[in-house]
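Asks:
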Ligand SMILES: Cc1ncc(COP(=O)(O)O)c(C=O)c1O
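Numbering (my numbering), first residue to last: 3 to 430.
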């Protein structure tokens with residue numbers, strides 16, 4: 003089949019008329035579909051319902067250390083929860099502090115603390131003329147919203163299949179003292195599903211930043227979120243790499259059980275060097291008397307250990323895999339060879355990233371909405387919501403049922419085709 007670029011104006015108009023008729027047919031069904039946010043489906047949430055039964059009024063509510071989890075105390079989190087989340091994010095249990103229900107919340111607090119009080123004794127960022135952050139793109143919209151909220155200038159760094167463009171990261175970080183951090187989703191990244199290569203992680207660990215208070219914000223949100231048993235990505239552990247490279251304090255690692263147990267009711271943590279953790283504790287002792295230990299206990303009693311968690315994630319994968327494959331197969335069969343878009347087939351995580359012809363993303367998202375399909379807003383994957391190419395669209399296949407997903411994919415590919423034809427016709 004000819005690509006759309008190769009087709010004559012007449013052929014394109016003919017194709018457009020046929021596609022438009024199909025689009026109208028679907029539109030008349032008055033559907034309401036949502037592929038916008040990476041929320042687990044109800045079936046995935048059902049997987050962890052047993053957690054609701056592990057604690058009751060006759061349970062022993064003391065943790066291993068003998069502390070009564072119903073009461074105040076144990077700022078770092080109960081030891082067995084530290085162990086579980088440390089194993090989940092592959093760090094020693096004494097290098098992690100358990101927080102509340104959201105890792106994003108810890109990231110926000112970490113930036114807020116750096117703004118008001120500085121990083122381990124450095125000048126508070128709010129007293130500096132300029133603070134900048136590197137933002138690998140496309141990336142996670144909520145990261146960018148945090149840095150935007152604090153007035154931090156964001157610099158786009160293109161992603162490659164190995165992670166962020168490290169030549170650019172090394173150059174910028176070593177030359178500009180105003181650059182204080184970089185947002186990273188190093189495994190099954192949001193939205194591309196890319197895992198940083200060994201070399202990328204090592205280059206991160208060996209960075210020589212001009213700013214002594216530069217930190218890598220390593221958001222390992224999808225560390226154990228594989229789709230397959232046999233084809234799994236592997237990420238080297240950054241905390242150890244930084245230590246080996248003589249930069250032990252350069253990284254904060256974030257993780258949570260949001261997409262393992264219940265989003266919004268999971269357990270989140272930060273892992274870092276002892277010096278960083280000490281600085282964090284200084285704020286924490288003022289901020290809180292302790293986080294929710296009953297929830298920590300519930301998680302530990304339910305999963306028992308990392309092996310229990312890994313087994314649990316296989317059940318998630320069984321639900322997620324067919325959904326990812328339905329979308330990818332739809333893209334491949336309907337758009338393959340047309341040269342009007344590219345996408346990556348991820349092996350884990352929550353998203354599929356689609357790159358349309360430049361200048362088409364906003365129009366595709368609007369077109370899909372016209373037929374009742376809500377997608378993540380075009381531009382959301384870039385700082386300030388501005389995709390310079392207007393090309394990237396994030397697809398979140400987790401929430402709809404498989405049946406809904408088949409229709410949603412139909413609407414999406416039709417929208418891509420129709421908008422692309424209009425774009426190509428402009429130049430014919
Ligand atoms: C990369 C990334 N980090 C963090 C989060 C949110 O995590 P939490 O629920 O722990 O705040 C998400 C949720 O979509 C995410 O995609």
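The beta-carbon is built from N, C-alpha and C at its ideal position, and this holds for glycine as well.
These numbers were taken from a predicted model, which means no experiment stands behind them.
(1) I need the straight-line Cα distance from residue 314 to residue 56, nearest angstrom please.
(2) What residue does the beta strand (DSSP E) around residue 200 start on, and which one ends it?
(3) Could you tell me which whole beta strand (DSSP E) segments of length 3 or greater appear in the segment 291-378?
(4) Buried or exposed for residue 271, going by 16 or more other Cβ atoms inside 10 Å?
(5) Out of 165, 189 and 234, state which residue places its alpha-carbon closest to the alpha-carbon of residue 205.
(6) For residue 14, I'd like the list of residues in its chain whose CB is within less than 8 angstroms of its CB, leaving aside the five on either flank, ordered along the chain.
(7) By Cβ distance, which residues of its chain are closer than 7 angstroms to residue 22, with the 5 residues on each side in sequence left out?
(8) Which of the three DSSP states, helix, strand or coil, is assigned to residue 153?
(9) Give me the DSSP bridge partner(s) of residue 228.
(10) On the criterion of 16 or more Cβ atoms from any shown chain inside 10 Å, does residue 163 qualify as buried, or is it exposed?
(11) Whose CA, out of 360, 182, 373 and 152, lies closest to the CA of residue 30?
(12) Verify whether the separation of the beta carbon atoms of residue 326 and residue 370 is less than 8 angstroms.
(13) Hey, would you say the C-beta of residue 260 is under 7 angstroms away from at least one heavy atom of ligand 1?
(14) With a threshold of 7 angstroms, establish whether the CB of residue 139 neighbours any heavy atom of ligand 1.
(15) Determine whether the beta carbon atoms of residue 135 and residue 112 lie at a separation below 8 angstroms.
(16) For the alpha helix (DSSP H) that residue 105 lies in, which residues bound it at each end?
(17) Just checking residue 267 against ligand 1 - is the residue's beta carbon closer than 7 angstroms to any of the ligand's heavy atoms?
(18) Quick check: is any heavy atom of ligand 1 less than 7 angstroms from the C-beta of residue 221?
(19) One question on the structure: do residue 160 and residue 169 come within less than 8 angstroms of each other, judged by their Cβ atoms?
(20) Among 361, 54 and 378, whose alpha-carbon lies nearest the alpha-carbon of residue 367?
(21) Do residue 317 and residue 49 have their beta-carbon atoms positioned less than 8 angstroms apart in this structure?
(22) Could you check if residue 187 belongs to the surroundings of ligand 1, using beta carbon to heavy atom distance under 7 angstroms?
(23) So does residue 105 have its beta carbon nearer than 7 angstroms to some heavy atom of ligand 1?
(24) Per DSSP, what kind of secondary structure is residue 51 in: helix, strand or coil?
Replies: With the structure as the only source:
(1) 16 angstroms
(2) Run containing residue 200: none in the beta strand (DSSP E); it sits in the alpha helix (DSSP H), 200-207.
(3) 343-345, 354-358 and 375-377
(4) buried
(5) 165
(6) 6, 423, 426, 427 and 430
(7) 420
(8) coil
(9) 350
(10) exposed
(11) 373
(12) no
(13) yes
(14) no
(15) no
(16) 105-119
(17) no
(18) yes
(19) no
(20) 378
(21) yes
(22) yes
(23) yes
(24) helix
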